[in-house]
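Participant: Residue numbers (the numbering used here), protein chains in the order written: chain A, 8 to 212; chain B, 8 to 212; chain C, 8 to 212; chain D, 8 to 212.
4 protein chains.
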Amino acid sequence: MSDAPSPPAPAPAPRKKRAEGTTREAILKAALELFSERGFHGTPVPLLAEKAGVATGSIYRHFESKEALANALYQHWRNAQLNAWFGGFPVHLSERAQFHELWRRMAAFYKANPLVFVWLEQHNHAAYLDEESLACTKRVLRPTTAFVKLAREKHLLKPLPAKLLVAIADGIFMGMVRFATAQHFELDEEVLDAAEQCCWEAMRK
Amino acid sequence: MSDAPSPPAPAPAPRKKRAEGTTREAILKAALELFSERGFHGTPVPLLAEKAGVATGSIYRHFESKEALANALYQHWRNAQLNAWFGGFPVHLSERAQFHELWRRMAAFYKANPLVFVWLEQHNHAAYLDEESLACTKRVLRPTTAFVKLAREKHLLKPLPAKLLVAIADGIFMGMVRFATAQHFELDEEVLDAAEQCCWEAMRK
Amino acid sequence: MSDAPSPPAPAPAPRKKRAEGTTREAILKAALELFSERGFHGTPVPLLAEKAGVATGSIYRHFESKEALANALYQHWRNAQLNAWFGGFPVHLSERAQFHELWRRMAAFYKANPLVFVWLEQHNHAAYLDEESLACTKRVLRPTTAFVKLAREKHLLKPLPAKLLVAIADGIFMGMVRFATAQHFELDEEVLDAAEQCCWEAMRK
Amino acid sequence: MSDAPSPPAPAPAPRKKRAEGTTREAILKAALELFSERGFHGTPVPLLAEKAGVATGSIYRHFESKEALANALYQHWRNAQLNAWFGGFPVHLSERAQFHELWRRMAAFYKANPLVFVWLEQHNHAAYLDEESLACTKRVLRPTTAFVKLAREKHLLKPLPAKLLVAIADGIFMGMVRFATAQHFELDEEVLDAAEQCCWEAMRK
DNA sequence: CATGAATGAGTTTTCATTCAT
DNA sequence: TATGAATGAAAACTCATTCAT
Numbered sequence: 008m009s010d011a012p013s014p015p016a017p018a019p020a021p022r023k024k025r026a027e028g029t030t031r032e033a034i035l036k037a038a039l040e041l042f043s044e045r046g047f048h049g050t051p052v053p054l055l056a057e058k059a060g061v062a063t064g065s066i067y068r069h070f071e072s073k074e075a076l077a078n079a080l081y082q083h084w085r086n087a088q089l090n091a092w093f094g095g096f097p098v099h100l101s102e103r104a105q106f107h108e109l110w111r112r113m114a115a116f117y118k119a120n121p122l123v124f125v126w127l128e129q130h131n132h133a134a135y136l137d138e139e140s141l142a143c144t145k146r147v148l149r150p151t152t153a154f155v156k157l158a159r160e161k162h163l164l165k166p167l168p169a170k171l172l173v174a175i176a177d178g179i180f181m182g183m184v185r186f187a188t189a190q191h192f193e194l195d196e197e198v199l200d201a202a203e204q205c206c207w208e209a210m211r212k
Numbered sequence: 008m009s010d011a012p013s014p015p016a017p018a019p020a021p022r023k024k025r026a027e028g029t030t031r032e033a034i035l036k037a038a039l040e041l042f043s044e045r046g047f048h049g050t051p052v053p054l055l056a057e058k059a060g061v062a063t064g065s066i067y068r069h070f071e072s073k074e075a076l077a078n079a080l081y082q083h084w085r086n087a088q089l090n091a092w093f094g095g096f097p098v099h100l101s102e103r104a105q106f107h108e109l110w111r112r113m114a115a116f117y118k119a120n121p122l123v124f125v126w127l128e129q130h131n132h133a134a135y136l137d138e139e140s141l142a143c144t145k146r147v148l149r150p151t152t153a154f155v156k157l158a159r160e161k162h163l164l165k166p167l168p169a170k171l172l173v174a175i176a177d178g179i180f181m182g183m184v185r186f187a188t189a190q191h192f193e194l195d196e197e198v199l200d201a202a203e204q205c206c207w208e209a210m211r212k
Numbered sequence: 008m009s010d011a012p013s014p015p016a017p018a019p020a021p022r023k024k025r026a027e028g029t030t031r032e033a034i035l036k037a038a039l040e041l042f043s044e045r046g047f048h049g050t051p052v053p054l055l056a057e058k059a060g061v062a063t064g065s066i067y068r069h070f071e072s073k074e075a076l077a078n079a080l081y082q083h084w085r086n087a088q089l090n091a092w093f094g095g096f097p098v099h100l101s102e103r104a105q106f107h108e109l110w111r112r113m114a115a116f117y118k119a120n121p122l123v124f125v126w127l128e129q130h131n132h133a134a135y136l137d138e139e140s141l142a143c144t145k146r147v148l149r150p151t152t153a154f155v156k157l158a159r160e161k162h163l164l165k166p167l168p169a170k171l172l173v174a175i176a177d178g179i180f181m182g183m184v185r186f187a188t189a190q191h192f193e194l195d196e197e198v199l200d201a202a203e204q205c206c207w208e209a210m211r212k
Numbered sequence: 008m009s010d011a012p013s014p015p016a017p018a019p020a021p022r023k024k025r026a027e028g029t030t031r032e033a034i035l036k037a038a039l040e041l042f043s044e045r046g047f048h049g050t051p052v053p054l055l056a057e058k059a060g061v062a063t064g065s066i067y068r069h070f071e072s073k074e075a076l077a078n079a080l081y082q083h084w085r086n087a088q089l090n091a092w093f094g095g096f097p098v099h100l101s102e103r104a105q106f107h108e109l110w111r112r113m114a115a116f117y118k119a120n121p122l123v124f125v126w127l128e129q130h131n132h133a134a135y136l137d138e139e140s141l142a143c144t145k146r147v148l149r150p151t152t153a154f155v156k157l158a159r160e161k162h163l164l165k166p167l168p169a170k171l172l173v174a175i176a177d178g179i180f181m182g183m184v185r186f187a188t189a190q191h192f193e194l195d196e197e198v199l200d201a202a203e204q205c206c207w208e209a210m211r212k
């Protein structure tokens with residue numbers, strides 16, 4: 008009815024200026040590190056902000072919600088992956104050579120962004136991923152499946168469901184990555200080539 | 008503030024009667040379902056209690072904490088897995104036959120407890136796992152690695168690090184499972200055998 | 008990828024036990040006082056909890072959200088008002104006597120719950136009120152309007168829209184209440200009767 | 008993190024040009040609309056800025072704080088009201104005629120600024136109003152009270168406290184306004200005259 | 001004088017855990 | 001041993017305010 012005490016004193020704030028888009032990038036970078044280390048639900052936003060070197064509130068200036076941030080991150084990296092794996096792919100090569108090229112690209116992408124691979128694979132079906140994120144996942148799977156189908160038609164690969172072959176290849180790559188991860192993220196040429204050979208022999212007719 | 012007459016009977020506390028040990032199991036069952044679906048941090052204890060059909064407080068009668076519950080669950084299933092995979096294993100068979108046997112057992116265990124596989128694989132290095140849980144993981148890995156080493160020594164498998172071979176085999180199995188899950192069909196004999204063959208060819212010299 | 012520090016230590020908590028329904032009542036009481044004093048948006052939930060003598064979290068055990076609390080409060084008091092104004096109303100009396108009776112009841116209700124009247128009137132169209140709350144408002148208006156229509160038909164009141172007459176009467180009552188509020192909530196018999204007479208003369212033919 | 012090339016042109020800061028004083032007025036206009044619709048605490052400054060078509064920071068170029076803005080707005084309109092109600096008031100007329108004139112002026116002011124009336128009436132004792140704002144309120148009340156006292160002395164009005172009579176008249180006016188608002192029609196002559204007559208009969212001896 | 005990203009305290013809400021019954 | 005209301009610290013999110021440009 009009458010006078011209620013006004014809030015204590017709305018606090019000032021030191022300022023920082025960053026180059027265009029830098030804040031967003033910093034947040035995405037921190038999110039990748041923390042999400043892959045501790046999981047989505049295991050990562051509090053303030054921790055994320057601290058790691059990104061920004062204030063908690065700034066997160067929400069760039070992303071609608073924590074969930075939206077996770078989706079943006081997911082889509083960003085799925086797209087980057089799609090590009091790294093298939094951008095300007097040399098389709099004129101023989102199937103075996105194409106496979107080699109793809110394997111190399113996958114490895115290169117992993118080496119450049121070791122956390123990304125782990126995160127993408129582990130959070131495939133997380134409840135917080137939206138339609139668009141799931142669509143991105145499919146977009147990456149499509150060319151792989153197409154390639155496998157073609158090679159299978161040419162009787163180079165086993166007459167198994169293309170998706171099964173893809174799943175197996177993916178599994179082998181993931182196994183190799185896990186092995187590398189256990190060895191402190193070192194993925195040397197030798198292992199890479201060996202795993203590629205394993206994979207090819209797993210699939211080939 | 009007072010227009011509803013207070014209820015005449017003070018409602019005696021309902022008490023649920025359960026067979027011995029059943030409550031604990033109901034909790035573990037609910038935990039498995041929820042943890043594998045939503046993750047550890049994504050699963051509130053009250054929800055867990057509801058799914059288990061017990062009161063929230065009852066959880067703490069059976070487990071020290073949520074973390075302790077997760078570890079108990081993890082250890083329970085790692086041990087079950089160890090037993091299912093290697094209990095009374097026919098070590099007298101040929102390596103190829105042993106591999107076949109193992110593959111079959113892995114599949115059988117997966118079919119019997121599909122969620123377990125998913126959960127165990129995904130939460131390998133989670134922060135909430137204690138020493139004992141990690142020890143359980145190693146205990147499962149040991150016989151597999153030993154088998155691979157032996158077969159490799161006999162020049163049946165490629166001369167690669169045993170851990171890499173194991174990781175690859177594991178990856179293929181996981182790929183197969185994912186494939187089955189994605190296609191919404193039971194892991195049938197055909198796919199199972201095909202994947203086994205792929206796996207063997209991946210590893211063999 | 009590896010061990011993230013588990014949360015600091017999830018804090019214990021002293022307990023309190025209250026009679027059935029007491030907590031809810033305490034919350035509603037505190038909410039009435041604070042909402043009418045500082046408005047809905049001007050009242051932080053922790054303050055509300057403190058005033059109610061409960062923990063912040065307890066609010067959410069009894070109400071879905073702050074908004075739901077406001078609606079529950081609103082509906083509670085609108086219903087109480089309906090009952091106080093019209094419960095067992097002596098419809099056999101003359102119109103003038105009925106008006107007197109109603110005026111007395113309105114005053115009695117105000118005297119018993121001074122804050123309620125103010126709050127109900129001021130927050131009539133607040134954005135946070137739901138369907139049911141608005142329906143409650145209408146339910147209170149209906150008998151008043153019906154009474155006015157009847158008296159107007161008997162040529163006791165001016166031939167004006169019933170809703171206008173009701174609005175005017177309501178306005179006078181509110182004016183009286185504001186006057187009383189300014190005088191430290193004292194609403195003495197004299198003022199009450201005088202205002203009643205004013206109101207009747209405002210409406211009568 | 009880096010697959011999009013940074014934009015070629017660094018985008019020069021857009022600057023809005025407005026006629027002198029227009030920005031301040033745009034802010035006040037937006038504030039009136041939002042404060043009367045959602046209340047002071049329910050209106051975020053960024054929303055206000057958006058509605059006013061200015062940047063958030065610009066608000067603080069024209070007003071010390073949100074609270075200061077509310078007070079400026081309040082005072083602005085209380086003064087406007089004072090002027091509209093009593094500026095050059097024809098004090099030579101008979102009391103009844105003066106009352107008619109006042110009623111007309113009140114209605115005219117309401118019609119010209121419907122939101123103002125609502126806001127002024129509802130936020131009379133809000134905690135964020137400062138001394139000066141409250142003084143403005145009193146300044147509007149003074150001539151009304153004086154007029155009522157005079158008329159009462161001349162035995163034209165009931166021998167009641169002047170403040171009660173004023174409160175009643177105010178209540179009737181508000182009731183009329185609410186009625187018009189609820190019926191979604193303009194305050195027409197007919198209703199206006201009828202309410203005036205009601206009000207006079209409520210107060211007159 | 002204008003801008004709007006950045007800030008961090010404050011707000012709403014959740015949830016692991018306790019304990020009187 | 002089971003219950004579930006109560007707790008309060010921490011989570012997600014908001015917003016008044018500042019300041020580099």
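Even glycine gets a Cβ: it sits at the ideal position worked out from N, Cα and C.
Do you know how far the Cα of R45 of chain D is from the Cα of W126 of chain D?
Facilitator: Each residue's alpha carbon lies about 10 Å from the other.
Participant: For a cutoff of 9 Å on Cβ pairs, would you count F154 of chain C as touching chain D?
Facilitator: Not closer than 9 Å to any Cβ of chain D, the Cβ of F154 of chain C fails to qualify, so no.
Participant: Considering only residues of the same chain and omitting the five flanking positions on each side of H107 of chain C, which have a CB-CB separation below 7 Å?
Facilitator: The residues are E203.
Participant: Check whether the segment 70-89 of chain D touches the segment 112-125 of chain D, counting contact only when three or more Cβ pairs, one atom from each stretch, lie closer than 8 Å.
Facilitator: Judged by Cβ distances under 8 Å, the segment 70-89 of chain D makes contact with the segment 112-125 of chain D, as three or more pairs qualify.
Participant: In the DSSP assignment, find the unbroken alpha helix (DSSP H) run with V184 of chain D in it and report its ends.
Facilitator: V184 of chain D -> alpha helix (DSSP H) spans 169-190.
Participant: Is V198 of chain A close to chain B? Criterion is C-beta to C-beta, closer than 9 Å.
Facilitator: Closer than 9 Å to some Cβ of chain B, the Cβ of V198 of chain A qualifies, so yes.
Participant: Which bits of chain B does A174 of chain A rub up against, with CB to CB less than 7 Å?
Facilitator: What A174 of chain A touches in chain B: G182, M183, R185, F186.
Participant: What first and last residue would you give for the alpha helix (DSSP H) that runs through S140 of chain D?
Facilitator: Run containing S140 of chain D: 138-160, per the alpha helix (DSSP H) assignment.
Participant: Which chain A residues sit within Cβ distance under 8 Å of K170 of chain B?
Facilitator: Neighbours of K170 of chain B on chain A, chain order: F186, A189.
Participant: Does the beta carbon of Q129 of chain D sit closer than 9 Å to a beta carbon anywhere in chain C?
Facilitator: Yes - at least one Cβ of chain C is within 9 Å of the one on Q129 of chain D.
Participant: Sort A:T30, A:V198, A:L76 by Cα distance to S140 of chain A and report the nearest one.
Facilitator: Of the listed residues, the one whose Cα sits closest to S140 of chain A is A:L76.
Participant: In angstroms, rounded to a whole number, what distance separates the CA positions of K170 of chain C and M210 of chain D?
Facilitator: Straight-line Cα distance between these residues: approximately 21 Å.
Participant: Have a look at Q82 of chain A and C143 of chain A and give me their C-alpha separation to the nearest angstrom.
Facilitator: So the alpha carbons of these two residues sit roughly 6 Å apart.
Participant: Less than 8 Å between the CB atoms is what I'm expecting for G182 of chain D and G178 of chain C, so what's the real figure, rounded?
Facilitator: Yes, they are in contact, since the Cβ atoms of G182 of chain D and G178 of chain C sit about 3 Å apart, within 8 Å.
Participant: Below 7 Å on C-beta distance, what does L167 of chain D contact in chain C?
Facilitator: Near L167 of chain D (Cβ distances below 7 Å), the residues of chain C are A201.
Participant: Would you kindly work out how many angstroms separate the C-alpha atoms of V61 of chain A and A189 of chain D, rounded to a whole number?
Facilitator: Roughly 49 Å separates the two Cα atoms.
Participant: For D177 of chain D and chain C, any beta-carbon pair shorter than 9 Å?
Facilitator: Closer than 9 Å to some Cβ of chain C, the Cβ of D177 of chain D qualifies, so yes.
Participant: Return the Cβ separation of E74 of chain A and Y117 of chain A in integer angstroms, given the expectation that the two are a contact with Cβ distance under 8 Å.
Facilitator: Contact flag wrong, Cβ pair sits at about 26 Å.
Participant: With a threshold of 8 Å on Cβ separation, who are the neighbours of K212 of chain A within its own chain once the five nearest residues in sequence on each side are excluded?
Facilitator: These residues qualify, in order along the chain: H162, L163, L164, K165, P166.
Participant: If distances are taken between C-alpha atoms only, which option among D:A79, D:L80, D:T30, D:A133 comes closest to A56 of chain D?
Facilitator: Among D:A79, D:L80, D:T30, D:A133, the Cα nearest to that of A56 of chain D is on D:T30.
Participant: L100 of chain D by DSSP, collapsed to three states: which one?
Facilitator: Reduced to three states, the DSSP call for L100 of chain D is coil.
Participant: Which residues in the same chain as V52 of chain D place their Cβ atom closer than 7 Å to its Cβ, once the five residues preceding and following it in sequence are excluded?
Facilitator: So the list reads T63, I66, K73, once near-sequence residues are dropped.
Participant: My assumption, with CB atoms under 8 Å, is that K58 of chain C sits in contact with E40 of chain C. Please give the rounded CB distance.
Facilitator: Indeed they touch by this definition, with Cβ atoms about 7 Å apart.
Participant: Of the choices C:S43, C:E32, C:E27, C:A38, whose alpha-carbon is the least far from that of E128 of chain C?
Facilitator: The residue with the shortest Cα to Cα distance from E128 of chain C is C:S43.
Participant: Using only the alpha-carbon positions, how far apart do P97 of chain D and F180 of chain D sit?
Facilitator: Cα to Cα, P97 of chain D sits roughly 21 Å from F180 of chain D.
Participant: Does the beta-carbon of C206 of chain A have 16 or more other beta-carbons within 10 angstroms, so that it is buried, or is it exposed?
Facilitator: Classification for C206 of chain A: buried.
Participant: For a contact meaning CB atoms closer than 8 Å, what does M210 of chain A contact in chain B?
Facilitator: The contacting residues are C205.
Participant: Please confirm whether F116 of chain D has its beta-carbon closer than 9 Å to some beta-carbon of chain C.
Facilitator: Chain C contact via Cβ: absent.
Participant: Would you decide whether L100 of chain B is buried or exposed? Buried here means 16 or more other CB atoms lie within 10 Å of its CB.
Facilitator: So L100 of chain B ends up on the exposed side.
Participant: Let me know the secondary structure DSSP gives L164 of chain A once reduced to three states.
Facilitator: It is a strand residue.
Participant: How many whole angstroms separate the CB atoms of R235 of chain B and W92 of chain B, which I take to be in contact at a CB cut-off of 8 Å?
Facilitator: As displayed, chain B neither begins before 8 nor continues past 212, which places residue 235 of chain B out of reach and without an answer.
Participant: Residues of the segment 30-48 of chain B in Cβ contact with chain A at a cutoff of 7 Å, in chain order, please.
Facilitator: From the segment 30-48 of chain B, only R45, G46, H48 have a Cβ closer than 7 Å to chain A.
Participant: DSSP three-state label for R25 of chain C, please.
Facilitator: Residue state, collapsed to three classes: coil.
Participant: Residues in its own chain within less than 7 Å of P150 of chain D by CB, not counting five upstream and five downstream?
Facilitator: Result list for P150 of chain D: F93, in chain order.
Participant: S9 of chain C CB to nearest chain D CB: under 9 Å?
Facilitator: Because the pLDDT at S9 of chain C is just 38, under 50, the model does not fix this residue reliably, and the value given afterwards should be weighed accordingly. Not one chain D Cβ lies under 9 Å of S9 of chain C.
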